[in-house]
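Enquirer: Just so we're aligned, residue 2 is where the sequence shown starts under our numbering, counting upward by one. Every residue, glycine too, gets a C-beta built ideally from N, C-alpha and C. Shown below is the structure under consideration.
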Amino acid sequence: MRKGIIALYDITGIQNYVYGSNKLKDNIGASNLVEKCFDCFFVNSIKKFYKEENFRTNWDQDTEWKYEDDQNLVGEIVYIGGGNALVVFENVEVWKKVNYEFSKMLMIQAPGLKCVTEYEELESNFSEVLDKLFKKMSLKKYCYTPPIFTKGLCITKECSITKNPAVINQDGFLSYEIYMKRENAKSFEGEIDIIDDLAGEKGDRYIGVVHIDGNNMGKNIEKITKETLQSCNDYRQAIKAIREFSILIKESYEKAYENMKKAFECIIEKSEEYKRLFLNKIPFRKILIKGDDVTYICYGKLAISSVEIFFKELNRIFKENEMTKNLNACAGIAFVKPHYPFSSAYEISEECCNSAKAKAKAINGNEAGFYLDFHILRGGMVENLSETRNKIYNVSYLEHKDEKDFEYYNLLWRPFEILGDKDEKYDFESIKKLVEDLRNIPRSKLKDLREAFLFGQEEIEENILMMNRRGYNLKFKDEEDIFIDGQSPYFDAIDFMELHDDLF
C-alpha cells in the first residue's frame with residue numbers, strides 16, 4: 002500500500018451560518034457559500050499549486066481510485082458530500098500547503114464559515130484508519146474553540162445582524178460576512194424570492210419551513226466500507242463504493258426535490274386559485290440541499306403534501322439501486338407567519354425532524370422509516386418544543402400515560418409514518434381519511450369538539466355522539482374509542498386540517 006495521509010474536512014456550525022439571519026436573502030447566500038466551500042474553494046486551493054494530473058479533484062467523474070498506482074499524484078479527493086470532504090495527501094507538507102491557501106480563500110470568499118480538519122496515516126487496514134480518523138475529528142470538533150473577532154471600536158458602525166464592524170452601507174450597514182452572503186444569493190427560475198409572497202394574498206397566511214434529513218447515513222457509509230473490505234479486502238474497492246454511494250445520495254435528494262416541484266407545477270397550472278395567488282410561480286424556495294440534508298420554504302397549505310410527494314419520489318429512486326434500496330428519511334415542518342424569525346422557525350423544524358426520527362427508530366429500530374412531524378406556531382416564541390407540547394397537548398383528565406419508547410402527548414397523534422401500511426398504527430393515510438370526514442362537519446361543530454378536548458372525556462363523547470346522530474359517523478381505523486393507548490387522533494386532525502391542502 003502506498004504511503005500517505007488521509008484527511009477529513011468538516012464544516013462546523015452550518016445551521017448557525019445559514020440560518021443565523023432572519024432575512025431570506027442572507028440564508029440563500031449563505032447556503033450557496035456552503036455549497037461552494039469544497040466544490041469550489043477547496044478545489045481551487047488545490048489547483049493553485051497542482052494540475053489535475055498531479056492532484057486528482059474530479060472524483061465524481063470517474064470512481065476508480067488512481068492514487069495507489071499513479072506515482073505522479075501527490076493527492077486525490079476521495080469524496081465530497083454532506084458538508085464533509087475526505088482527501089488523501091502524499092504527506093503532511095502537501096496537506097498544510099493546501100490548508101493554508103484554503104483558509105485564506107474562506108476568509109475572503111466566505112467570511113464566517115468555519116472548517117476543521119484532521120488526518121491519519123494510511124495503513125493497510127483501511128476500515129480501522131477511517132474509524133480512528135472519525136473519532137479524532139469528533140474530539141477536535143468537541144474541543145474546537147471558534148476564533149473571537151474584535152467587535153469594533155466606538156467610532157465604527159455596527160452590523161445589525163452579526164454585530165461585527167460594518168464595511169459597507171448597502172440596504173443598511175453590513176459586515177463583510179453579510180455582504181458576501183447577499184452577493185452570493187441567486188434566484189432559481191420559477192421560484193419565489195420574497196418570503197411574504199410565499200404566504201398568499203397580503204402575506205397573511207402561513208408558510209411551511211421544511212427540513213428533511215436522511216436516517217442512519219453515517220452507519221450506512223460505515224456498513225458499505227466494511228462489507229466491501231470483507232468481500233475483497235481491497236481499500237481501492239472500498240473507496241470506489243464510498244464514492245458511488247455519495248454520488249447516489251446527492252443525486253437522489255436533488256432529483257426528489259425537482260420531481261416534487263414538477264408535480265406541483267402540473268397541479269398548480271390547473272388551479273385558478275393558485276395561479277391567482279402566485280402569478281404562475283411555484284410557491285417554493287429552496288434554501289439548502291447538501292447530501293441528505295434538505296431545507297426549503299413553501300406555501301403553508303402545501304407543506305405536508307410536499308413532504309409526502311418528496312418521500313414517495315425519494316423512495317422510488319432509492320428502490321432503483323441496490324446500495325440505497327433500504328434507505329429512508331424523516332422530516333420536520335414549522336408552520337409560521339412570514340415575519341416570524343426565520344432562524345427560530347428552522348430550529349423548530351429541526352426539532353420536529355429529530356422527534357420524527359426518535360419515533361421511527363423506537364417503533365422500527367434501525368430500519369426507521371419515512372416519518373413526519375410538524376408544529377404550528379399560532380403566536381409567541383417557542384423556547385423548547387417538548388415543553389411547549391407538554392403544556393398544550395397533555396391533559397389533566399388523562400394523568401396516567403402508558404410507557405412508550407418515544408415521547409408522546411395525549412392530544413397529538415403525530416409524528417406520522419408517511420409511507421407506512423394502513424395496518425401501521427401511525428400511518429398517514431388513516432389520518433388523511435379522518436381529516437376528509439371532519440371536513441364534512443360545520444366549522445362551529447368542529448370548534449365545539451376541539452374545545453371539548455380541553456375539558457374531559459364525557460364532553461368529547463357527548464360531542465361525537467351528537468355528530469354521529471346527525472349522520473357523520475366519526476371513526477378512526479374502524480375504532481370507536483376516542484383515545485387509543487392514551488392518545489387521540491381527533492384533536493390532531495382538527496388542529497392541522499386547515500393547513501393541509503391535499504391536491505393529489
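#1: Taking just the CA atoms, how far does K52 sit from A369?
#2: Quick check: the region 237–248 against the region 78–89, are there 3 or more CB pairs under 8 Å?
#3: DSSP on I377, reduced to helix/strand/coil?
#4: Since Y353 contacts L303 with CB under 8 Å, what's their CB separation in whole angstroms?
#5: Tell me, which residues are paired with Q110 by DSSP?
#6: Mark E392 as exposed unless 16 or more other C-beta atoms lie within 10 angstroms of its C-beta, in which case mark it buried.
#7: Go through its chain and collect everything with a Cβ distance to D214's Cβ below 7 Å, but skip five positions before and after it.
#8: Have a look at F312, K97, A494 and L466 and flag the residue whose alpha-carbon is nearest the alpha-carbon of I377.
#9: For the beta strand (DSSP E) that D449 lies in, which residues bound it at each end?
#10: Would you tell me roughly how many angstroms separate the C-alpha atoms of N100 and R379, rounded to the nearest one?
#11: Helix, strand or coil: how does DSSP classify P342 here?
#12: When you compare each of I81, N55 and K105 to T64 by their alpha carbons, which one comes out closest?
#13: Hey, how far is the Cα of E124 from the Cα of L9?
#14: When the Cβ atoms of the region 25–32 are set against those of the region 276–288, are three or more pairs found closer than 8 Å?
#15: Along the beta strand (DSSP E) that carries I6, what are the first and last residues, could you check?
#16: Decide yes or no for the touch test of the region 261–277 against the region 176–189: beta carbon pairs closer than 8 Å, at least 3 of them.
#17: Which of the three DSSP states, helix, strand or coil, is assigned to I162?
#18: Contact defined as beta carbons within less than 8 Å: I believe Y300 pairs with I208. What is the distance between those atoms, to the nearest angstrom?
#19: Helix, strand or coil for N329? Go by DSSP, reduced to three states.
#20: Among the residues of its own chain, which have a CB less than 8 Å from the CB of K49, if the five just before and after it don't count?
#21: Could you give the DSSP three-state label for E102: helix, strand or coil?
#22: According to DSSP, is F285 helix, strand or coil?
#23: Report all residues from its chain with a CB closer than 6 Å to the CB of I465; omit the five preceding and five following residues, and keep chain order.
#24: What residue range is occupied by the uninterrupted alpha helix (DSSP H) comprising V1?
#25: What's the C-alpha gap between V396 and N234?
#26: Whose C-alpha, out of S431, L500 and L450, is nearest the C-alpha of F477?
#27: Would you decide whether D71 is buried or exposed? Buried here means 16 or more other CB atoms lie within 10 Å of its CB.
#28: With distances taken Cα to Cα, identify the nearest neighbour of I15 among C41, W60 and G113.
#29: In angstroms with no decimal places, state the Cα-to-Cα distance between S307 and V210.
#30: What first and last residue would you give for the alpha helix (DSSP H) that runs through G219?
#31: Rounded to the nearest angstrom, what separates K251 and K291 at their Cα positions?
#32: How is the beta strand (DSSP E) around C116 delimited, first residue to last?
#33: Under DSSP, the alpha helix (DSSP H) around F90 begins and ends at which residues?
#34: Given a threshold of 16 other Cβ atoms within 10 Å of its Cβ, counted over all protein chains shown, does Q171 qualify as buried or as exposed?
#35: To the nearest angstrom, how far is the alpha carbon of D132 from that of K182?
#36: Excluding the 5 residues flanking K326 on each side, which residues of the same chain have their C-beta closer than 7 Å to its C-beta?
Expert: Per the coordinate set shown:
#1: Along the sequence shown, read from residue 1 onward, the residue named residue 369 stands at position 368. Along the sequence shown, read from residue 1 onward, the residue named residue 52 stands at position 51. Going from the Cα of A369 to the Cα of K52 covers about 44 Å.
#2: yes
#3: Within the sequence shown, residue 377 is the residue found at index 376, counting from 1. In this structure, I377 counts as strand in the three-state DSSP scheme.
#4: Walking along the sequence shown from the start, residue 353 turns up at place 352. Walking along the sequence shown from the start, residue 303 turns up at place 302. Correcting the residue type first, residue 353 is Cys in the shown sequence and not Tyr. Contact between C353 and L303 fails: their C-beta atoms lie close to 17 Å from each other, not under 8 Å.
#5: Taking the first residue of the sequence shown as position 1, residue 110 is located at position 109. In the DSSP assignment, Q110 forms no beta bridge with any residue.
#6: Counting from 1 along the sequence shown, the entry for residue 392 is found at position 391. Per the sequence presented here, residue 392 reads as Lys, with Glu not at that position. Exposed, by the Cβ-count rule.
#7: As a first step, residue 214 is located in the sequence shown; it is residue number 213 there, counting from the start. The residues are D293, D294, A330, C331 and C354.
#8: One-based indexing of the sequence shown puts residue 377 at position 376. Closest by alpha carbon: A494.
#9: Taking the sequence shown and counting its residues from 1, the one referred to as residue 449 is at position 448. That residue, D449, is in no beta strand (DSSP E); its alpha helix (DSSP H) goes R444 to A453.
#10: Taking the sequence shown and counting its residues from 1, one reaches residue 100 at position 99. Taking the sequence shown and counting its residues from 1, one reaches residue 379 at position 378. If I take the Cα positions, the gap works out to 47 Å.
#11: Taking the first residue of the sequence shown as 1, we reach residue 342 at position 341. In the structure shown, P342 adopts coil according to DSSP, grouped into three states.
#12: Taking the sequence shown and counting its residues from 1, the one referred to as residue 64 is at position 63. Among I81, N55 and K105, the Cα nearest to that of T64 belongs to I81.
#13: Translated into positions along the sequence shown, residue 124 becomes position 123. Translated into positions along the sequence shown, residue 9 becomes position 8. If I take the Cα positions, the gap works out to 16 Å.
#14: yes
#15: Translated into positions along the sequence shown, residue 6 becomes position 5. First-last of the beta strand (DSSP E) with I6: I6 to T13.
#16: no
#17: The residue given as residue 162 occupies position 161 in the sequence shown. In this structure, I162 counts as coil in the three-state DSSP scheme.
#18: Along the sequence shown, read from residue 1 onward, the residue named residue 300 stands at position 299. Along the sequence shown, read from residue 1 onward, the residue named residue 208 stands at position 207. Yes, Y300 and I208 are in contact; Cβ-Cβ is about 7 Å, under 8 Å.
#19: Counting from 1 along the sequence shown, the entry for residue 329 is found at position 328. Coil.
#20: Looking up residue 49 in the sequence shown gives position 48. Its chain contains E102 as the residues whose beta carbon lies nearer than 8 Å to that of K49, once the 5 sequence neighbours on both sides are disregarded; these appear in chain order.
#21: By 1-based counting over the sequence shown, the position of residue 102 is 101. It is helical.
#22: In the sequence shown, the residue the question calls residue 285 occupies position 284. Looking at F285 - three-state DSSP - the assignment turns out to be strand.
#23: Within the sequence shown, residue 465 is the residue found at index 464, counting from 1. Excluding positions up to five away in sequence, the list reads L475.
#24: Missing from the structure shown is residue 1; the chain here goes from 2 to 505 and no further.
#25: Walking along the sequence shown from the start, residue 396 turns up at place 395. Walking along the sequence shown from the start, residue 234 turns up at place 233. Cα-Cα distance, rounded: 58 Å.
#26: Within the sequence shown, residue 477 is the residue found at index 476, counting from 1. Per the Cα distances, S431.
#27: If you number the sequence shown from 1, residue 71 lands on position 70. By the 10 Å Cβ count, D71 comes out exposed.
#28: As a position in the sequence shown, residue 15 is number 14, starting the count at 1. The shortest Cα separation from I15 among C41, W60 and G113 belongs to G113.
#29: One-based indexing of the sequence shown puts residue 307 at position 306. One-based indexing of the sequence shown puts residue 210 at position 209. If I take the Cα positions, the gap works out to 11 Å.
#30: Here residue 219 refers to the residue found at position 218 when the sequence shown is read from its first residue. Note, G219: alpha helix (DSSP H), M218 to C233.
#31: Translated into positions along the sequence shown, residue 251 becomes position 250. Translated into positions along the sequence shown, residue 291 becomes position 290. Each residue's Cα considered, the two are about 7 Å apart.
#32: Here the question's residue 116 lines up with position 115 in the sequence shown. Where C116 is concerned, the enclosing beta strand (DSSP E) stretches over K115 to E122.
#33: Locating residue 90 in the sequence shown gives position 89, counting from the first residue. No alpha helix (DSSP H) contains F90, which is instead part of the beta strand (DSSP E) from N85 to F90.
#34: On the sequence shown, residue 171 is found 170 positions in, with the first residue counted as 1. By the neighbour-count rule (16 or more Cβ atoms within 10 Å), Q171 is not buried but exposed.
#35: Residue mapping note: residue 132 aligns to position 131 of the sequence shown, counting from 1. Residue mapping note: residue 182 aligns to position 181 of the sequence shown, counting from 1. C-alpha separation (whole angstroms): 35 Å.
#36: Numbered from its first residue, the sequence shown carries residue 326 at position 325. For K326, where only same-chain residues beyond five positions count, the Cβ hits under 7 Å are F319 and K320.
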